[in-house]
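Start counting the sequence shown at 45; every next residue gets the next number (the working numbering). The beta-carbon is built from N, C-alpha and C at its ideal position, and this holds for glycine as well. If you're wondering where the values come from, they're calculated on a predicted model, not measured in any experiment.
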Amino acid sequence: MPDRALQVLEFGRVLEFVAGFASTAAGREMVRGLRPSSSTKAVRARLNAVAETVRFLEPRGDWGLPAVPDARSDVARLEVEGSVLPAAGLARLGGLLAAGHALDRALNEGADGLPVLEDLRTRLLVHPRLQASIERSVDPDGTVLDGASRELGRIRARLRGAHNRVVQHLEGLLTGIDERYRVPEASVSIREGRYVIPVRREGRRVVGGYVHDESSSGATVFVEPPSAIEEMNRVRELERAEVREVRRILRELTERSRSLARELAGSHAALTLMDARVALARAGARWEGTVPEVTESLAETGAGGGICIRRGRHPLLATGGTEAVPFDLELDARQRVVVVTGPNTGGKTVFLKSVGLIASLAQSGVVPPVGPGTRIPAFDSFYADVGDEQSIADSLSTFSAHLRNLQDVLLNAGPRSLVLIDEPGAGTDPREGEALARALIETLVERGGLAVVTSHMGGLKRLAAPGNGIVNASLEFDGDRLAPTYRFATGRPGRSYGLAIARGLGFPNEVLNLADGYRDRAEARLDDLLETLQRKERRVSRLLDALENERRRARDLEAELATREAVLRRSEREAAARARREARRMLLEARREVEAAITGLQDRERDGVSEREAARRARRTVEEAARALEDPAPDGAGPPRDAGGPDAPELEAGAAVRMSDTGAEGTVLEVEGDRVAVLVGGVRMRVPRSRLG
């Protein structure tokens, strides 16, 4: 697939933005290297892999890939028989094993039902023993640790002791040197890998030993005294033993890793692939993209033919901090060329690039900035002629450069091509340019691919007709404000607004009036009709927006009222429950008093029959009232009459009343507002007025 069209569309800039979401250098390189595939099967597989990654990431918030060191050169070096990796290289292999182990755990927990990620997990190398050996032997900075082997630990312990003894010996010699030969603030230092002390040149023979260095002035020499040479030789012997043991450790770890070189390479590739897919998923989420349906070709019959882009946006505008106006583009299987007209600065070129980027990104496995319901065919080639491509090196004018690009389209574009042309025929005689553009459009219809063409030429607006494969479209322009709205509309052409914009910029009226008189009358009439239509559409759009806002406000109010009603009902139920509990408490307390009274009556044994009957009646009254409160009558089973109604008895002390819910008879003792004190069966009760019949 030619790269030239992708360069014109600034495909690389978009990939650079996506690569910024990768966490490894290899992952960023993989994203930058993406290119559209013409295989429908391959495109679907790419997008499905990203969709699975999105589902994996959704419940994990800001989950990130474990740190993956760039160990590609180290893994490649393992293929060289006999090679030994440096400590830093082994540290990178340890980091690679740790990253593979961490990702394996994450996928083990979250990749169920995600077959692509489950397959990726099988390519990860999980080798805890080798990982532990490397981590125990080498730190992340590439330093071999004392714990790499017992022998290395023993050698280094002895080496530290030997160093200390040499330093202590030399410090003792320094303090004993005659002041005439001593250097002020002298201390033990190292020259040529051996410990030395500084003395004045004239004291060299007094101290003796071997001179390893001297100061820039020559006044001071750095001497290794004879008494320290033997001890220093011991230090050097231990250092050589340390080097031999370190080499042995590195060789052993390298050989253990060499047997897993292929698995290590596969694990690194799997981690890089996961990093790239996470970047694709994050970028798609950033510009609120949706995985589109990918079809075989434009010519598919039924609902799968043509192209359908919902809520399409330019990916860089969708992430640039400004609100990008989305567009919908839907063509059936017979529609082949979209002619987009409208004024300069109206967004035609951005729309042109957006269509190309959406298709090329989707075919590269990048979730494009589109909405649900988007359907895109798999194109096998992209052609784009956009902008000023004047070439001084090739001695080509702007017009000649455009012609060369159009010639490439005519020679190579086929039924599965996407062709994007900005202002064909511009830069030459308008009549010849329009004729050339018309011939180009009609040829592209016959080729059977999909073409999007932008133009100012009035004659191209009249090409579209039912069934001929050409569709008019426009990007709206507010003629009142002389500002673009960037709303895309199919089915009608757009005005150029050249004279209106000139008027808004302050051109002399006499010039504008003269220019208006030179306009073609039919063309002017068409522009006036288009302007009238757009005004009406804008008014209808505003009315529909206002209506939708009112509907939304009504739904919000309805939801708020429903919530308040539910809260009120719950409060009423809770209040009723509290009242029943309080009444039951009072009745039970009254029952205890009745029981006490009964006991007293039985003890007295005076007029026993009538008093026992009164006691039974009182007990029964209390029990019936308690049951009534525990099991209140259902709604609608005959509520009590309002005490203030016409049939209500006169409530005053001494009046006979009946409890409306239990039927028990009683006598009013006193009335306090809505509460009445009643004596029922010898029990004093305080009840609401509404319970008295």
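Residue i, buried or exposed, once every other Cβ within 10 Å from all chains shown has been counted against 16
i    : result
G511 : exposed
L588 : exposed
Q379 : buried
L450 : buried
E696 : exposed
P416 : exposed
N152 : exposed
P212 : A small fix is needed here, since residue 212 is Gln in this sequence, not Pro. Exposed, by the Cβ-count rule.
F551 : exposed
S341 : buried
L455 : exposed
G548 : exposed
A590 : exposed
V584 : exposed
G458 : exposed
P412 : buried
S233 : exposed
R228 : Contrary to the premise, residue 228 reads as Pro rather than Arg in this sequence. Exposed, by the Cβ-count rule.
L135 : A quick correction: the sequence has Ala, not Leu, at residue 135. By the 10 Å Cβ count, A135 comes out buried.
G356 : buried
S231 : exposed
G682 : For G682, the pLDDT reaches just 43, beneath the cut-off of 50, and the residue's location in the model is therefore unreliable, although a value from the coordinates is still provided. Exposed is the call here.
G336 : Per the sequence presented here, residue 336 reads as Pro, with Gly not at that position. P336 comes out buried.
Chain-order list of residues whose beta-carbon lies under 7 Å from that of residue i (same chain, five-residue window excluded)
i    : result
I199 : L282, A285, E286 and E289
E143 : Correcting the residue type first, residue 143 is Ala in the shown sequence and not Glu. Within the same chain, A143 has close Cβ partners P110, A111, V112 and L315.
E123 : A305
V58  : P359, L360, L401 and L405
A546 : L556
Contacting residues, own chain, Cβ-Cβ under 6 Å from residue i (five flanking each side not counted)
i    : result
A309 : V119
I465 : D429 and V497
V382 : V496, V515 and A517
F65  : A323, R326 and A327
M729 : V722
L480 : G469
V98  : A325
Per DSSP, the bridge partner or partners of residue i
i    : result
R728 : L723
F371 : G356
M703 : L736
V182 : V188
T607 : DSSP output for T607 lists no bridge partner at all.
S518 : T385 and A533
G561 : Beta-bridge pairing links G561 to no other residue.
T339 : P421
I351 : L375
G710 : V701
V715 : V720
Cut-off 8 Å between Cβ atoms - residues of its own chain near residue i, not counting five sequence neighbours on either side
i    : result
P269 : L214, L217, I241, V251, G252 and G253
D148 : R165, L168 and V170
A263 : R244 and R245
I273 : G253 and Y254
E476 : G469
D257 : R235, E236, V240, V265 and F266
A422 : S81, S82, S83, T84, V87, V338, T339, E340, S341, Q407 and R460
M74  : A66, T316, L317, D319 and A320
R291 : V128
Within-7 Å CB hit, residue i to chain D
i    : result
F443 : Any reference to chain D falls outside this structure, which holds one protein chain only.
Near the ligand FAD: residue i beta-carbon under 6 Å from a heavy atom
i    : result
R295 : Of ligands this structure carries none, so the ligand FAD is not represented either.
Length at least 4, wholly inside the stretch 247–333: the alpha helix (DSSP H) runs in chain order: 248–251, 270–302 and 305–330
Only counting runs of 4 or more residues, tell me where the alpha helix (DSSP H) segments fall wholly within the stretch 474–513, in order along the chain. 474–491
Given 8 Å, three or more beta-carbon pairs between the stretch 384–400 and the stretch 72–90: no
Determine, using beta-carbon pairs with one atom in the stretch 96–107 and one in the stretch 75–87, whether at least three such pairs fall under 8 Å. no
Entirely enclosed alpha helix (DSSP H) segments - the stretch 422–472, minimum 4 residues: 442–456
Can you list, in chain order, the stretches of the beta strand (DSSP E) that have 3 or more residues and sit fully within the stretch 45–92? none
Counting Cβ pairs closer than 8 Å, one from the stretch 294–302 and one from the stretch 312–321, do we hit at least three? no
To test your reading of the DSSP string, which unbroken alpha helix (DSSP H) runs of 4 or more residues are found completely within the stretch 193–249? 194–220
With three or more beta-carbon pairs closer than 8 Å as the criterion, would you say the stretch 355–371 touches the stretch 472–486? no
Cβ contact (3+ pairs, closer than 8 Å) linking the stretch 183–197 and the stretch 126–143: yes
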